[in-house]
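Please read the structure below before turning to the comments.
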Amino acid sequence: MTTIDDYLNNWLRDAHAAEEQAETMLSTASDRLKDYPDLANRIRQHQDETTNQRKLLEECLERRGTSTSTTKDLMAKTSAMFQDMGKAMAGDEVVKTVLFSYAFEQMEIASYRILVTAAEAAGDQQTRSVCERILQEEIAMADWLQQHSDAITRQFLSREADTTARSARA
Numbered sequence: 005m006t007t008i009d010d011y012l013n014n015w016l017r018d019a020h021a022a023e024e025q026a027e028t029m030l031s032t033a034s035d036r037l038k039d040y041p042d043l044a045n046r047i048r049q050h051q052d053e054t055t056n057q058r059k060l061l062e063e064c065l066e067r068r069g070t071s072t073s074t075t076k077d078l079m080a081k082t083s084a085m086f087q088d089m090g091k092a093m094a095g096d097e098v099v100k101t102v103l104f105s106y107a108f109e110q111m112e113i114a115s116y117r118i119l120v121t122a123a124e125a126a127g128d129q130q131t132r133s134v135c136e137r138i139l140q141e142e143i144a145m146a147d148w149l150q151q152h153s154d155a156i157t158r159q160f161l162s163r164e165a166d167t168t169a170r171s172a173r174a
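Plus 4 on top of the position in the sequence shown (first one is 1) and you've got the numbering used here.
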């Protein structure tokens, strides 16, 4: 029979794998967004947060007497690499980065809300506190992306229009 603790441990491993995936995506994205310094800086900031989140989850799992899932972590990192290759080949990589990042943040927000509830049900206040802290960072990143997506899209479209106009004159 699966217990609340079993579910919580499994969902913590899932969240850890998602943070591994996010670390890979964020590290490659920030390097390729030099023309969008505000976005690149925010991504680097969130990359630091994500690294810390991964470590906090590892501490929660260790404290709970279990560990991360190597299989889930590897699958998540592999998925991130394929997603990054697809975005890198697109001419609108910055827009795809904002779109995918926002969607990913929403998935993480839902995940951490579930983890907060599960940790509370398991009576694990330390894990609950960690997940609440991480949840606030994920909400802040999603809010930032939402607030800046219009401006980033306009900036991208303006750059593309300038490039097209220069090409037509050449």
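Think of the CB as a built atom: it goes at the ideal place given N, C-alpha and C, for glycine as much as any other residue.
Since the model is a prediction, treat every value here as computed from it, not as a measurement.
Per DSSP, what kind of secondary structure is residue i in: helix, strand or coil?
i	result
M145	helix
D128	coil
A84	Confidence at A84 is low in this model, with a pLDDT of 48, below 50, so the placement of that residue should be treated as unreliable; the coordinate-derived value is given next. Three-state result, A84: helix.
T157	helix
S162	helix
T121	helix
M5	coil
M89	Low confidence applies to M89: its pLDDT is 48, below 50, so where it sits in the model is not reliable, and the reading given next is rough at best. The answer is helix: DSSP assigns M89 an H, G or I state.
S71	coil
Hey, could you find the ends of the alpha helix (DSSP H) residue i is sitting in?
i	result
D96	Counting along the chain, D96 falls outside any alpha helix (DSSP H), and DSSP gives it neither H nor E.
S34	8-36
T55	41-67
What residue from the options has the CA that sits closest to residue i's CA?
i	options	result
D42	D166, S153, R163, E164	S153
S117	S105, R137, C64, A165	It is worth fixing the name first, because residue 117 is Arg in this sequence and not Ser. Per the Cα distances, R137.
F104	Q151, E141, A26	A26
D147	E24, G127, R46	R46
T7	A107, G127, F108	G127
L139	T70, L60, E97	L60
R158	E66, A107, V98	V98
M145	A21, L37, A44, R17	A44
I156	E23, D96, A107	D96
K100	L149, L65, L16	L149
Do we get a CB-CB distance below 7 Å when we pair residue i with the residues of chain D?
i	result
Q49	The structure shown has no chain D; it contains just one protein chain.
(message) Closer than 8 Å is the cut-off here; do at least three beta carbon pairs connect the stretch 118-125 with the stretch 11-21?
(response) yes
(request) Count the CB pairs spanning the stretch 127-134 and the stretch 106-113 that are closer than 8 Å, and state whether there are at least three. (result) At 8 Å Cβ cutoff, the stretches do not touch.
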